[in-house]
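Asker:
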Ligand code: 2M8
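In this note's numbering, the protein residues as written are 1 to 404.
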């Protein structure tokens with residue numbers, strides 16, 4: 001019954017070769033959404049899970065980047081802003097999102113082995129990670145920098161407020177998101193003005209170089225390190241042990257750089273490359289390094305996760321922002337609410353570090369919350385009330401995975 005309901009959401013969001021996060025709010029294919037969706041879909045329709053990822057990588061740029069949106073040609077041009085005419089990049093945007101794809105590819109393969117699928121995507125995944133390493137190391141410390149809040153996937157995280165303050169907001173555009181979502185649950189108009197300015201500046205620079213927003217995000221970098229470990233697993237499956245060793249070394253290098261640059265007093269913080277300073281906001285991105293099995297600082301990070309700022313095990317899911325911070329807002333997007341993908345990732349991290357009871361508590365809570373809220377996009381961590389879109393793709397997909 002529960003599995004049937006979650007599967008029905010993915011069936012309803014299926015476009016024929018990819019899945020939309022939401023029919024109303026996000027009517028195209030999104031990069032990291034597709035990876036999470038494939039992780040769930042593999043249990044019900046592995047061929048569709050493979051198709052999902054192959055479709056996304058069919059839009060990979062020549063420089064290796066995997067675009068954050070692949071626009072559906074069958075959807076009206078004004079259904080989402082900013083659409084293809086804004087980006088002027090064919091059928092895609094020019095930004096990226098966190099690299100969770102290698103993890104998804106390996107999971108899909110392990111559920112239903114398909115060597116052709118793996119061999120097709122392995123060089124594309126390598127090129128993707130290589131793009132990040134070579135074109136995005138703005139700080140010169142072996143960490144990837146994002147050039148837009150949308151690249152973090154956590155758009156209006158309080159960690160971006162400081163760096164964003166340098167950006168002059170654009171005006172004269174029409175937000176389409178407010179046609180489908182409550183204004184109190186979405187980023188502010190002021191945030192949107194800055195997002196649009198940063199995106200058009202990047203576009204006008206030919207999607208290269210760095211502007212006013214240049215940030216090393218612990219979430220993005222942890223996911224890259226985890227993706228390199230997944231790539232090692234893929235290389236092993238393909239009988240390439242030397243390549244696998246190289247990927248493991250690369251993961252270790254990112255983990256070391258994160259610890260040297262982003263770690264301070266029990267937490268991983270973002271670093272503003274323009275000022276050279278860490279941003280003193282505790283957001284859920286700083287918990288994602290728990291994904292790394294060899295993390296020396298894991299006990300201290302777990303203490304922060306279970307302490308007053310995140311209260312894991314005592315609230316619904318994993319709050320996206322520090323419960324004790326003045327900016328915490330339980331209903332507004334990435335400034336407090338709990339998201340299923342973050343909960344799913346943190347649960348993996350808890351399992352890596354032997355926290356089985358807490359991991360099981362989180363699993364049960366994520367499933368119960370998703371089913372009760374009709375697969376809400378995000379939920380209030382204090383009450384469990386749903387916010388944002390319903391029948392949301394990754395919430396349904398990751399529920400399927402947690403039920404498997
Ligand atoms: C949200 O971001 C998009 C822009 O990429 C938006 O607000 O329009 C974020 O939650 C992001 O993480 C997610 O991938 C996307 C689609 O679900 O929506």
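We put the CB at the ideal spot given by N, CA and C, even for glycine.
1) Within a Cβ cutoff of 8 Å, which residues of the same chain sit near residue 74, ignoring the five residues on either side of it in sequence?
2) Does the beta-carbon of residue 215 have 16 or more other beta-carbons within 10 angstroms, so that it is buried, or is it exposed?
3) Tell me which residue opens and which closes the alpha helix (DSSP H) that residue 241 is part of.
4) Can you tell me whether residue 213 is helix, strand or coil according to DSSP?
5) For residue 52, which residues from the same chain have a beta carbon less than 7 Å from its beta carbon, with the 5 sequence-adjacent residues on both sides left out?
6) Where does residue 183 land, buried or exposed, given buried means 16+ other C-beta within 10 angstroms?
7) Only counting runs of 4 or more residues, tell me where the alpha helix (DSSP H) segments fall wholly within the region 299-348, in order along the chain.
8) Which parts of the region 14-96 are runs of the alpha helix (DSSP H), unbroken and 4 residues or longer, counting only runs that do not cross its ends?
9) Should residue 481 be labelled buried (16 or more other beta-carbon atoms within 10 Å of its own) or exposed?
10) Let me check understanding here. Comparing Cα to Cα, which of 104, 166, 292 and 217 lies closest to residue 32?
11) Quick one: give me the first and last residue of the alpha helix (DSSP H) that residue 294 is part of.
12) Can you give the Cα-Cα distance for residue 220 and residue 98, rounded to whole angstroms?
13) Note down the Cα distance separating residue 392 from residue 360, rounded to an integer number of angstroms.
14) Is residue 233 helix, strand or coil by DSSP?
15) Check whether the Cβ atoms of residue 320 and residue 217 lie closer than 7 Å to each other.
16) Please confirm if the region 196-203 is in contact with the region 62-78, defined as three or more CB-CB distances below 8 Å between the two stretches.
17) Roughly how many angstroms lie between the CA atoms of residue 138 and residue 288, to the nearest whole one?
18) Pick out whichever of 236, 325, 330 and 82 has its Cα sitting closest to the Cα of residue 315.
19) Looking at residue 21 and the ligand 2M8, is the gap between the Cβ and the nearest heavy atom below 6 Å?
20) Pull up the DSSP beta-bridge partners for residue 166, would you.
21) Return yes when the C-beta of residue 155 is under 6 Å from any heavy atom of the ligand 2M8, and no when it is not.
22) Helix, strand or coil for residue 399? Go by DSSP, reduced to three states.
23) For residue 171, report the span of its alpha helix (DSSP H) as first-last.
24) Do residue 222 and residue 291 have their beta-carbon atoms positioned less than 7 Å apart in this structure?
25) Give every residue of the same chain whose Cβ lies closer than 7 Å to the Cβ of residue 136, excluding the five residues on either side of it in the sequence, and list them in chain order.
26) With a cut-off of 7 Å, does the C-beta of residue 69 fall near any C-beta of chain B?
27) Shortest alpha-carbon distance to residue 186 belongs to which of 387, 399, 395 and 398?
28) Leaving out five residues on either side along the sequence, give the residues of the same chain with a beta carbon under 7 Å from the beta carbon of residue 175.
29) Under DSSP, the alpha helix (DSSP H) around residue 112 begins and ends at which residues?
30) Determine contact between the region 197-213 and the region 105-125, defined as no fewer than three beta-carbon pairs at a distance below 8 Å.
31) Measure the beta-carbon distance from residue 122 to residue 238 and round it to whole angstroms, keeping in mind my assumption that it falls under 8 Å.
32) For residue 117, does the three-state DSSP call read helix, strand or coil?
33) Between residue 14 and the ligand 2M8, is the CB less than 6 Å from at least one heavy atom?
34) Where residue 250 and residue 228 are concerned, what is the direct C-alpha to C-alpha distance, given to the nearest angstrom?
35) What is the rounded straight-line gap between the Cα of residue 307 and the Cα of residue 62?
36) Which residues bound the alpha helix (DSSP H) around residue 151?
Answerer: Result, derived from the coordinates:
1) 15
2) buried
3) 241-261
4) coil
5) 18, 19, 34, 37, 38 and 41
6) exposed
7) none
8) 31-41, 46-58 and 84-87
9) Here the chain covers residues 1 to 404 and nothing more, so residue 481 does not appear.
10) 104
11) From DSSP, residue 294 is part of no alpha helix (DSSP H); its letter is neither H nor E.
12) 5 Å
13) 23 Å
14) helix
15) no
16) no
17) 21 Å
18) 330
19) yes
20) Answer by DSSP bridge pairing: none, since residue 166 is not bridged.
21) yes
22) helix
23) Per DSSP, residue 171 belongs to no alpha helix (DSSP H) and is neither H nor E.
24) yes
25) 144 and 145
26) The structure shown contains no chain B, having only a single protein chain.
27) 387
28) 81 and 192
29) First-last for residue 112: undefined, no H or E at that position.
30) no
31) 6 Å
32) helix
33) no
34) 7 Å
35) 45 Å
36) 149-152
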